[in-house]
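Heads up: the sequence shown runs through residues 0 to 195, numbered per numbering that gives the first Met the number 0.
Backbone N, C-alpha and C fix where the C-beta goes; we use that ideal spot for every residue, glycine too.
Quantities reported herein were computed from a predicted structural model and do not represent experimental measurements.
For reference, the structure discussed in these notes is given below.
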Amino acid sequence: MTGTEIFGALSVALLALSRVIYFASIFKGRTRPHAFSWLIWTALSGIGFAAQFTQGAGPGAWARGFSAVTCALLAVLGYYKGEKNITRGDWAALLVALGTIPLWIAVRTPVWSVVILCVIDTIGYLPTIRKSWDQPYNEASVTYFIASVCALASLFAIEQYNLSTWLYPAVLVVTNSLMGGLLLARRPRGARMRQA
Numbered sequence: 000m001t002g003t004e005i006f007g008a009l010s011v012a013l014l015a016l017s018r019v020i021y022f023a024s025i026f027k028g029r030t031r032p033h034a035f036s037w038l039i040w041t042a043l044s045g046i047g048f049a050a051q052f053t054q055g056a057g058p059g060a061w062a063r064g065f066s067a068v069t070c071a072l073l074a075v076l077g078y079y080k081g082e083k084n085i086t087r088g089d090w091a092a093l094l095v096a097l098g099t100i101p102l103w104i105a106v107r108t109p110v111w112s113v114v115i116l117c118v119i120d121t122i123g124y125l126p127t128i129r130k131s132w133d134q135p136y137n138e139a140s141v142t143y144f145i146a147s148v149c150a151l152a153s154l155f156a157i158e159q160y161n162l163s164t165w166l167y168p169a170v171l172v173v174t175n176s177l178m179g180g181l182l183l184a185r186r187p188r189g190a191r192m193r194q195a
């Protein structure tokens, strides 16, 4: 195995660990995913995988492909076991994110496509942030930190570095870290690591 393949496999393994913890937390009744966030991330992980793959990311794209599949499963679970309080703001985030996908298709330049993808992905956090602001225990914060390390590993797995291949995983490092940090910060001081 080459170095990029090792990091590609590591990124998939870390994402798998993150998803196992998240799925377990859902089935234990601790986590209530917001279906809108996971629906947005399903579409974007698929698009991100396609963009990275066509631009030569190689093993650096493996985690995005795996993510697209698991995000789809989480979107379905979110519908059945997730947040039921859907607000107008949640609908707005979903419609803006999904409505921007045609712009991504129309742009046809890899760099701008990935920039748009990163913006849409970040919008995908809004329903989960809204839900978690007052209910920070309804998300497993550790899964966001693991996903951040996964995205970092995928950066080291990229075979051809250009803005189109590294920007999306770099944004995922930042956004997942911020989401995990927000969840911990919103918890009472003495109980921050409970159900991390």
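Item                                                                                                                       : Value
Spatial neighbours of Leu14 in its chain, beta-carbon cut-off 7 angstroms, leaving aside the 5 residues before and after   : Ala62, Phe65, Ser66, Ala146 and Cys149
DSSP-derived helix/strand/coil call for Gln159                                                                             : coil
Trp90 Cβ short of 7 angstroms to the ligand ATP heavy atom set                                                             : Although the ligand ATP was asked about, the structure shown includes no ligands whatsoever.
Beta-carbon proximity of Gly59 to Gln51, cut-off 8 angstroms                                                               : yes
Assigned secondary structure, Asn137 (DSSP; H/G/I helix, E/B strand, else coil)                                            : helix
Pair within 8 angstroms by beta-carbon distance, Trp103 and Arg185                                                         : no
Nonlocal neighbours in the same chain, by C-beta distance under 7 angstroms from Gly77, ignoring five residues either side : Pro32, His33, Ala34 and Trp37
Contact between the segment 103-112 and the segment 81-89 (3+ Cβ pairs under 8 angstroms)                                  : no
DSSP three-state assignment for Met178, whether helix, strand or coil                                                      : helix
Beta-carbon spacing of Ala92, Pro126 below 8 angstroms                                                                     : yes
Residue range of the unbroken alpha helix (DSSP H) whose run includes Arg188                                               : Taken as a continuous stretch (DSSP letters only), Arg188 belongs to no alpha helix (DSSP H), as it is neither H nor E.
With 16 other Cβ atoms within 10 Å as the buried cut-off, status of Thr53                                                  : exposed
Buried/exposed call for Val11, threshold 16 Cβ in 10 Å                                                                     : buried
Cβ-Cβ distance between Ile115 and Val95 below 8 angstroms                                                                  : no
Cβ separation of Thr205 and Tyr124, assumed to be a contact under 8 angstroms, to the nearest whole Å                      : Because residue 205 is not part of the residues shown, which for the chain are 0 to 195, the question remains open.
8 angstroms Cβ cutoff met for Glu138 and Thr3                                                                              : no
Pairwise C-alpha distance: Thr99 and Ser140                                                                                : 28 angstroms
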